[in-house]
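Comments concern the structure below.
4 protein chains.
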Amino acid sequence: MHRLTLAQSNALIDAALAKGAELQLKPLTVTVHDAGGNLIACQRQDGASNMRVKLAGAKASGALALGVSSRTIGDMALDRPHFIAAVDTMADGGMVPAAGGVIVADADGTIVGAVGVTGDTSDNDEACALAGIAAIGLKPFN
Amino acid sequence: MHRLTLAQSNALIDAALAKGAELQLKPLTVTVHDAGGNLIACQRQDGASNMRVKLAGAKASGALALGVSSRTIGDMALDRPHFIAAVDTMADGGMVPAAGGVIVADADGTIVGAVGVTGDTSDNDEACALAGIAAIGLKPFN
Amino acid sequence: MHRLTLAQSNALIDAALAKGAELQLKPLTVTVHDAGGNLIACQRQDGASNMRVKLAGAKASGALALGVSSRTIGDMALDRPHFIAAVDTMADGGMVPAAGGVIVADADGTIVGAVGVTGDTSDNDEACALAGIAAIGLKPFN
Amino acid sequence: MHRLTLAQSNALIDAALAKGAELQLKPLTVTVHDAGGNLIACQRQDGASNMRVKLAGAKASGALALGVSSRTIGDMALDRPHFIAAVDTMADGGMVPAAGGVIVADADGTIVGAVGVTGDTSDNDEACALAGIAAIGLKPFN
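If you want it as C-alpha cells, here you go:
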C-alpha cells in the first residue's frame, strides 16, 4: 500500500498541534492512519481524556470507511440517522459523525491515509487536521 | 497510578448510600473507579436490579472517557444524538448519557477517579455521587 | 431471586480480606455476585492491577455458569483444553479456569451467589474465598 | 491522573526507535500508555505491518491489566496456557503473552504508564522498551 511515511505522519501531527496552540484550543489528540485505516502515529496532549485516541481514530477510519470526511458523515447522520447508526454498528464503533476526520490524498488524488483530530469544537478540530495536511504538502480528499 | 485508595472508595460509597437513605431514595448502586476507568469498589443495595453495577460503572467510565460528567454527556446527546450514539458504540456500552457519573479530582485538580450512581432519578443519583465525593474531601471535575 | 444481601456481601469481603492480611498475601480483589452472576459488591486493594475486578468476577461468574468451582474448571481445562476454550469464548471472557471462584449455598443447599478472589496464588485466593463464606455462616457449593 | 506527559512519551518513543536503529532491527512499532492502559502516543515505522499498533498496545495494556511485564505473562502462558487463554479472551484481545510490554514506574515506584514494542524478536522488542524507559529517567515495574 502506498502510504504516508512515519516522518510525514509526525510532521503532520506537529503542524496540527501547532495550529491548536495558535488558536488556543483545548488539549487535542491527533491520529494518522494509512489508507487501510490502521494507525501510523498518534499524540494525545496532557489533559485530554481517556477515550480521545479512539475518538480521533474513529473520525479518521470512519472517513476512509465511507470515502468522505467525517463532516460529511455528520451531515448524513442528520439526514438519515438510521443509516449512519447501522453503519456505525457495522464499523464496531469505528466511525464518528462529526468534523475532524479528513482523508489525505497526494498530488494525483491517490488516497494515502487519513487524519483525525478531537478535543475542541468539531470545526476547530477539522481546522487543525487541514493545517496538518497542508503543512506536508498534501491535500484533503472529498 | 495516583488513585483513590480503597479506604477512600469505601468511605465515598458509604456517604453516597447514606445520602440516599436520608432522601429516602430507591435502592441505589454505587461504583468507584480509578482514573483509567477500572473498578475499585462497588455496592448494589438489596432490591436493585441485575444490570445496575454495569449501569453505574458506565456513567463513571463514560465520564472519564470524554472528560466531562455524564450529565454533560446527556446534554450532548440531546443536541447531537447521532454523535453520542456513535461514541457509545465505540465505548462498547461503557457510556450512559444521564446524570450520576462524576469525575473526582484532588485539591490540585488532578483526576484521581470517578463515581457512578444509579437507581433513582438521574438528579438524585448525582446528588448522592456529589455527597460521596464531598464526604472524603475531594471535588467534582467539570 | 433469593440472593446474598448487601450486608452479607460486605461482611464476606471484609472476612476474605482479613484472611489475606493474616496470611500476608499480595493485594487482593474480592467480588460477590448473586446467583445470576451479577455483581453485588467488590473491593480491589491498593496496588492490585487494572483487570483484577474482571478477573475475580470471571472466576465467580464462570463457576456459576458451569455449576462448579473455578478450581474444578481448571481441572477440566487440563483434561479437555479445547472444551474449556470453547466455553470460555461462549462466556465472552467471563470464565477463568483457576481456583478462587466459589459458589455460595445456604443451609438448604440453595445457591445464593458466588465469590471470586484474585491477587495471590490460586490456592491462597480460594482460601480467602472460603474464609469469607464461612464468616457469614454459609457453605461452598460443589 | 498522574501520568507520563506527552513530552515524556515522545522522548521515550524516540529513544526506543534509536535503540532499534542501533541494533539494526526490523521496522518497529512503539506505543505509550497511561496507567489506565489508554494510548498517549504511538509510532509505527515504515514497513511495519497493519496490526502492529494493536499488537504493541496489547503487550502494554495486558501488562497493566495483570500488573506484570508481558514477558512474565508469556512465562505464565507456558505454565498454564488455559489460564492465559481465558484471560486473553476477557481482555478482548488486549493482551499479548510475549516480551516487549513493560510497566513504567517513577522513582517512588508509582505506576505512571506502560510501553509496548513489536517488530523484531520479543527479546529485542523488550530491549528497546527498556532503553526508552531509561532514556527518560524512569524504571520498569516488575
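Order-wise, the sequence lines are chains B, E, S and P. Position one of the first sequence corresponds to residue 1 (full-length UniProt numbering), numbered consecutively onward. Position one of the second sequence corresponds to residue 1 (full-length UniProt numbering), numbered consecutively onward. Position one of the third sequence corresponds to residue 1 (full-length UniProt numbering), numbered consecutively onward. Position one of the fourth sequence corresponds to residue 1 (full-length UniProt numbering), numbered consecutively onward. All C-beta atoms, glycine included, are put in the ideal place defined by N, C-alpha and C.
| query | result |
| --- | --- |
| Sequence-distant residues of its chain with Cβ nearer than 7 Å to Val96 (chain B) (five each side left out) | Leu55, Ala58, Lys59, Gly62 and Ser70 |
| Proximity below 7 Å, CB of Val112 (chain E) to CB of Ala129 (chain E) | no |
| Neighbour-count burial assignment, Phe83 (chain B), 16 or more Cβ in a 10 Å radius | exposed |
| Own chain, CB closer than 7 Å to Ala35 (chain E), minus 5 neighbours either side, in chain order | Met1, Arg3, Leu64, Ile111, Val112 and Gly113 |
| Residue environment, Met90 (chain P), which counts as buried when at least 16 other CB atoms sit within 10 Å | buried |
| Cβ of Lys19 (chain S) within 7 Å of any chain P Cβ | no |
| C-alpha distance - Gly100 (chain S) paired with Ile103 (chain B), whole-angstrom precision | 50 Å |
| Residues bridged to Ile103 (chain B) (per DSSP) | B:Ala114 and B:Phe141 |
| Buried or exposed (CB count within 10 angstroms, at least 16 for buried), Leu17 (chain E) | buried |
| Any chain S beta carbon closer than 7 Å to Gly116 (chain P) | no |
| Under 8 Å by beta carbon: chain P residues contacting Gly132 (chain B) | Under the 8 Å cutoff, chain P gives no residues; its nearest Cβ is about 15 Å from Gly132 (chain B). |
| Run of the beta strand (DSSP E) containing Asn136 (chain E), from where it starts to where it stops | First, the amino acid is wrong: residue 136 (chain E) is Ile here, not Asn. Unbroken run through Ile136 (chain E): none, as it is neither H nor E. |
| Chain P residues whose Cβ lies nearer than 8 Å to that of Gly93 (chain B) | Those within 8 Å of Gly93 (chain B) in chain P number zero; the least Cβ separation is about 12 Å. |
| Listed by chain order, chain B residues near Leu66 (chain E) by CB distance under 9 Å | Ser49, Asn50, Met51, Arg52 and Leu55 |
| Contacting residues, own chain, Cβ-Cβ under 7 Å from Ser122 (chain S) (five flanking each side not counted) | Ala98, Ala99 and Gly100 |
| Where Val96 (chain P) falls: helix, strand or coil (DSSP) | coil |
| Alpha-carbon spacing of Val87 (chain B) relative to Gly94 (chain B), whole angstroms | 10 Å |
| Contact under 7 Å by Cβ, Ala41 (chain S) with Gly132 (chain S) | no |
| Neighbouring residues, chain S, relative to Phe83 (chain P) (Cβ below 9 Å) | Gly74, Ala77, Val96, Pro97, Ala98 and Ser122 |
| Reduced DSSP category for Gln45 (chain E) - H, G, I as helix; E, B as strand; rest coil | coil |
| Minimum C-alpha distance to Val53 (chain B) - residue among B:Val68, B:Val32, B:Gln8 and B:Thr72 | B:Val32 |
| Beta-carbon spacing of Asp106 (chain B), Leu78 (chain B) below 7 Å | no |
| Cβ-heavy atom distance, Gly20 (chain E) to the ligand COA, below 6 Å | As presented, the structure is devoid of all ligands, the ligand COA included, so that no description of it is given. |
| Proximity test, Cβ basis, 7 Å: Cys42 (chain P) and chain B | yes |
| Alpha-carbon to alpha-carbon, Asp92 (chain P) and Glu126 (chain P) | 23 Å |
| Per-residue burial, Arg80 (chain S) [other beta carbons within 10 Å of its own, 16 or more giving buried] | exposed |
| Beta-carbon neighbours of Ala58 (chain S), restricted to chain P and to distances below 7 Å | Met90 |
| Start and end residues, alpha helix (DSSP H) containing His82 (chain B) | Pro81 to Met90 |
| Which listed residue (P:Gln45, P:Asn50 and P:Asp46) has its alpha carbon closest to that of Gly37 (chain B) | P:Asn50 |
| Proximal residues to Gly20 (chain B) (C-beta, below 6 Å), its chain only, five neighbours per side dropped | Leu28 and Cys128 |
| Distance between Ala7 (chain E) and Val117 (chain B) (C-alpha atoms, nearest Å) | 39 Å |
| Selected residue, minimal CA-CA separation from residue 151 (chain E), among E:Gly109, E:Asn124 and E:Gly47 | The requested residue 151 (chain E) is not part of the displayed model; chain E covers only 1 to 142. |
| Buried or exposed (CB count within 10 angstroms, at least 16 for buried), Gln45 (chain P) | buried |
| Bounding residues of the beta strand (DSSP E) (the contiguous stretch that carries Val32 (chain E)) | Thr29 to His33 |
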